[in-house]
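Residue numbering for the sequence shown follows the working numbering, beginning at 1083 and increasing consecutively. Built from N, CA and C at the ideal position, the CB exists for glycine as well. Note that the structure is a prediction, hence the values are computed from the model and not measured.
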Amino acid sequence: MIKNQQPCPIVDENERSLRFEYRFRRYGIIVLSLIILTALSGLWSSGYFSEAHRETSGGELSVDYQRYAGLMSETEFNIQIKPDTASDTIISFAAPLLTRYQIGDIRPQPDKMYSADGKLHLVYQRSTPPSPISVWLAVTPKTAGNISLQAVVNDRYSVTRQQFVYP
């Protein structure tokens, strides 16, 4: 030993902390990878697994929406209608739209809009010749859980969509 050199101090390591660090390093990368994969797949926002499409058997009515939404975060869904009559097009939504969502934006604006029997009705005047209608609704979920929402056009065609709202 050299004259000026002092002995190294002994490090008192906590075995419990070392085991925790080892496990965290070992399994933490797996948990982090799962979080990243679920985010990329669309579980937390738009992505492959969150995009959904529902339509009637004849294709007269279709709805594109997100399967998953965050509580109090705005989400949009698109309703596409192929009108087959020369009368006005009336889109009716079941009660959950009014009770479990806050309606933000409706594009294009309906010619008339009213609420009756707990349902919301959007009325679009007929066009000559009848052309397809695409309606975008921006809604914000007010409650968490699984929400089922039915859209009915002219009391003939209906599509039901399911959306899970996480807190």
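Extent of the continuous beta strand (DSSP E) to which residue i belongs
i, result
"residue 1235", "1227-1235"
"residue 1222", "1215-1223"
"residue 1181", "Counting along the chain, residue 1181 falls outside any beta strand (DSSP E), though it belongs to the alpha helix (DSSP H) covering 1178-1182."
Contact under 8 Å by Cβ, residue i with residue j
i, j, result
"residue 1240", "residue 1203", "no"
"residue 1176", "residue 1201", "yes"
"residue 1163", "residue 1235", "yes"
"residue 1158", "residue 1219", "yes"
"residue 1210", "residue 1184", "no"
"residue 1190", "residue 1205", "no"
"residue 1215", "residue 1165", "yes"
"residue 1243", "residue 1121", "no"
Residues near residue i by beta carbon distance below 8 Å, same chain, minus five either side
i, result
"residue 1178", "1229, 1230, 1231"
Residues near residue i in its chain [Cβ-Cβ closer than 6 Å; skip 5 each side]
i, result
"residue 1246", "1150, 1228"
"residue 1137", "1144"
Boundaries (first-last residue) of the alpha helix (DSSP H) holding residue i
i, result
"residue 1103", "1097-1123"
"residue 1167", "Element bounds for residue 1167: n/a, residue is neither H nor E."
"residue 1136", "Premise fails: residue 1136 lies in the beta strand (DSSP E), 1133-1137, not in any alpha helix (DSSP H)."
Rounded distance between the beta-carbons of residue j and residue i, thought under 8 Å
i, j, result
"residue 1188", "residue 1217", "7 Å"
(request) Evaluate the contact criterion for the stretch 1115-1130 versus the stretch 1140-1154: three or more CB pairs, one atom per stretch, below 8 Å. (result) yes
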